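Undergrad: If you scroll down you'll find the structure; I have some questions about it.
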Amino acid sequence: MVVAAVLSTGFVVLRWLDAAHRQLGQFVVAGSRYVKPNRVTKGLPIHGGSGYDGQFYYRLALSPFNLARTAYGIRLDSFSRVERVGYPFLVWVVARGHDATVPLAMVIVNVVACGVLALAGGLLAQSAGRHALWGLVFAGYWGYLWTLGRDLTELTSAALLMLALAALLRHAPIWSGLAFLGAVVSKETSVLLIGTLTLVTIYLRLKARPSLLSAGPAYLALSTSGAASGSVAMQPSTAPSTAPSTTLGRLRPRRSDLALIIPLAGFILWQVVLLSATGKLPIYKSGGENLSLPFVGLYHGVVHYVTTFPSISSALWIGELLVLALLAVAAVLSLRSSPLEFRFLWMVSVLLALCAATGIFLGDVGFRSLDDAFLMGWVILLFRPQRMWPMAVICGGVWLVVSAELIRFI
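Under the numbering used here, read the sequence shown as residues 50 to 459, first letter to last.
Take a look at the structure:
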């Protein structure tokens, strides 16, 4: 946690000194199309054009309970933005409602989130029999540099998601459920991962097999026993079961289910609140904007960047894509050594990545929207019997290259 916080702080300071010309408001990347100068936005640098997503989280951070389309001279480009209130709410808390301190609070929340993400990754690494420093690979996703440098929400969602998994492994269902809830109101796609975890848990109970939710560390030990030593791990399905013999008994609610009930119920409630306040169902809107048929967006992205090669942006895009593909291949080869729940979480996250809309693949922002696939890929690799340092070195190299780019340019 400390190492990740120090590195992210160093990146932020260097970006503030060079690219932002000592103006933290530059991180917001406000555009004149959506942001108008007024008393609240006074001092906020406003560029010509559309700006970037951070301007909408800045608007929500000014007042996260104000769900109007336009407020403080800032117009939301889509009502789907209000779904991701987790990050702006935390910024509002840190800023204590003072408009002038919001740009600084946005940076502080993301730096802390980066540290918490590394902490949660370290806890998961320890559960898998690895050294806690392996938690750095989760915070080392190069896409999060864009999140840090442009006041975006992915780091908050990722930190809470990983913290929830770490709490789940330690038999703390209430804390896990609250962290999951924070993740789903920070990034709506997290609810699909929680739904996947719910379905796999139900399946294992119907088959009278132990699950991660019910057995916790004892169940995980069956998959991690050989991860650090290099031996073949026992599969979770071979563990003895103490589940009730009847189907109804197996499906009886348990205290551990709070880890799933809290976020799912909270997400539904939040959608109802937003529907009542805006007259629209945000999850439907965001799905239409961010998802497409599998491989369509990827295809258009590849065509675009191959035709513009050898520009710097195309070289970075192609290189980042190849590293993500390499990580996916490594995860596939390691699936059998990981718990069943984590396998399905990884598969769903990859499917979501492949269904990302064309606009996401055409954006030169380090594939920040595909971070779930990166995180779950590394969760799978934690249970791999073989060494992981070559993959970590490759990812670290990409992180250094992207950080150098963003220190110079907004």
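Using N, Cα and C, we set each Cβ at its ideal position, and we do this for glycine too. Please read these numbers as outputs of a predicted model, since none were measured by experiment.
Mind listing, in chain order, the continuous alpha helix (DSSP H) runs of no fewer than 4 residues lying wholly within the stretch 211 to 255?
TA: 222 to 233, 239 to 255
Undergrad: Going residue by residue through the stretch 120 to 147, where are the continuous beta strand (DSSP E) segments of at least 3 residues, counting only ones entirely within it?
TA: The stretch 120 to 147 contains no whole beta strand (DSSP E) run of 3 or more residues.
Undergrad: Can you tell me whether residue 92 is buried or exposed? The criterion is at least 16 other CB atoms within 10 Å of its CB, across all chains shown.
TA: Taking the first residue of the sequence shown as 1, we reach residue 92 at position 43. With fewer than 16 other Cβ atoms within 10 Å, it is exposed.
Undergrad: Would you kindly report the start and end of the unbroken alpha helix (DSSP H) that includes residue 426?
TA: In the sequence shown, counting from the first residue as 1, residue 426 sits at position 377. Looking at the DSSP string, the run of the alpha helix (DSSP H) that includes residue 426 is 420 to 431.
Undergrad: Can the beta-carbon of residue 316 be found less than 8 Å from the beta-carbon of residue 383?
TA: Taking the sequence shown and counting its residues from 1, one reaches residue 316 at position 267. Taking the sequence shown and counting its residues from 1, one reaches residue 383 at position 334. Not closer than 8 Å, so no.
Undergrad: By Cβ distance below 7 Å, which residues in the same chain neighbour residue 129 in space, the five residues on each side in sequence not counted?
TA: If you number the sequence shown from 1, residue 129 lands on position 80. Once the five neighbours on either side are set aside, the close Cβ partners of residue 129 are 331, 334, 335, 338.
Undergrad: Just checking, does the stretch 233 to 250 make contact with the stretch 385 to 393 on the three C-beta pairs under 8 Å criterion?
TA: yes
Undergrad: Round the Cβ separation of residue 201 and residue 354 to the nearest angstrom and send it over; I've been treating them as touching at under 8 Å.
TA: The residue given as residue 201 occupies position 152 in the sequence shown. The residue given as residue 354 occupies position 305 in the sequence shown. Not confirmed; about 22 Å, so no contact.
Undergrad: Assess, as a yes-or-no matter, whether the stretch 150 to 165 is touched by the stretch 193 to 212 under the definition of 3 or more beta carbon pairs within less than 8 Å.
TA: Three or more beta-carbon pairs drawn from the stretch 193 to 212 and the stretch 150 to 165 are found closer than 8 Å, and the two stretches are therefore classed as touching.
Undergrad: For residue 69 versus residue 104, is the C-beta distance shorter than 8 Å?
TA: By 1-based counting over the sequence shown, the position of residue 69 is 20. By 1-based counting over the sequence shown, the position of residue 104 is 55. No; because the gap between Cβ atoms is not below 8 Å, this pair is not in contact.
Undergrad: Hey, would you say the C-beta of residue 180 is under 7 Å away from at least one heavy atom of the ligand ATP?
TA: With respect to the ligand ATP, the structure offers nothing, as it holds no ligand at all.
Undergrad: For the putative contact between residue 360 and residue 404, defined by C-beta atoms under 8 Å, what is the C-beta separation to the nearest angstrom?
TA: Residue numbering aside, residue 360 sits at position 311 when the sequence shown is read from its first letter. Residue numbering aside, residue 404 sits at position 355 when the sequence shown is read from its first letter. The Cβ separation is near 27 Å, so there is no contact.
Undergrad: With respect to the alpha helix (DSSP H) encompassing residue 83, which residues constitute its N-terminal and C-terminal limits?
TA: Sequence index remark: in the sequence shown, residue 83 carries index 34 (1-based). Unbroken run through residue 83: none, as it is neither H nor E.
Undergrad: Taking C-beta to C-beta, are residue 152 and residue 73 nearer than 8 Å?
TA: Locating residue 152 in the sequence shown gives position 103, where the first residue counts as 1. Locating residue 73 in the sequence shown gives position 24, where the first residue counts as 1. Cβ atoms of residue 152 and residue 73: closer than 8 Å.
Undergrad: With a threshold of 16 other CB atoms inside 10 Å of the CB of residue 442, please say whether the residue is buried or exposed.
TA: Taking the first residue of the sequence shown as 1, we reach residue 442 at position 393. Result: exposed.
Undergrad: Ignore the nearest five residues each way along the sequence and tell me which others in residue 172's own chain have a CB closer than 6 Å to its CB.
TA: Along the sequence shown, one-based indexing puts residue 172 at 123. The residues are 215.
Undergrad: For the 8 Å Cβ check, are there 3 or more pairs between the stretch 181 to 192 and the stretch 418 to 431?
TA: yes
Undergrad: Going by the beta-carbon positions, is the gap between residue 150 and residue 397 smaller than 8 Å?
TA: Looking up residue 150 in the sequence shown gives position 101. Looking up residue 397 in the sequence shown gives position 348. No, the pair does not count as a contact, with Cβ atoms beyond the cut-off.
Undergrad: With DSSP as the reference, label residue 441 as helix, strand or coil.
TA: For this step, residue 441 is matched to residue 392 along the sequence shown. Helix.
Undergrad: Less than 8 Å separating the beta-carbons of residue 370 and residue 423?
TA: Here the question's residue 370 lines up with position 321 in the sequence shown. Here the question's residue 423 lines up with position 374 in the sequence shown. No.
Undergrad: Does the Cβ-Cβ distance between residue 395 and residue 426 come in under 8 Å?
TA: Sequence index remark: in the sequence shown, residue 395 carries index 346 (1-based). Sequence index remark: in the sequence shown, residue 426 carries index 377 (1-based). Yes, these two residues count as a Cβ contact at 8 Å.
Undergrad: Residue 170 to residue 145, Cα distance in whole Å?
TA: Here the question's residue 170 lines up with position 121 in the sequence shown. Here the question's residue 145 lines up with position 96 in the sequence shown. Cα-Cα distance, rounded: 29 Å.
Undergrad: Less than 8 Å between C-beta atoms, sequence neighbours within five positions excluded: which residues of the same chain meet that for residue 228?
TA: As a position in the sequence shown, residue 228 is number 179, starting the count at 1. These residues qualify, in order along the chain: 209, 210, 212, 213, 216.
Undergrad: By DSSP, does residue 405 sit in helix, in strand, or in coil?
TA: By 1-based counting over the sequence shown, the position of residue 405 is 356. Residue 405: strand per DSSP, three-state reduction.
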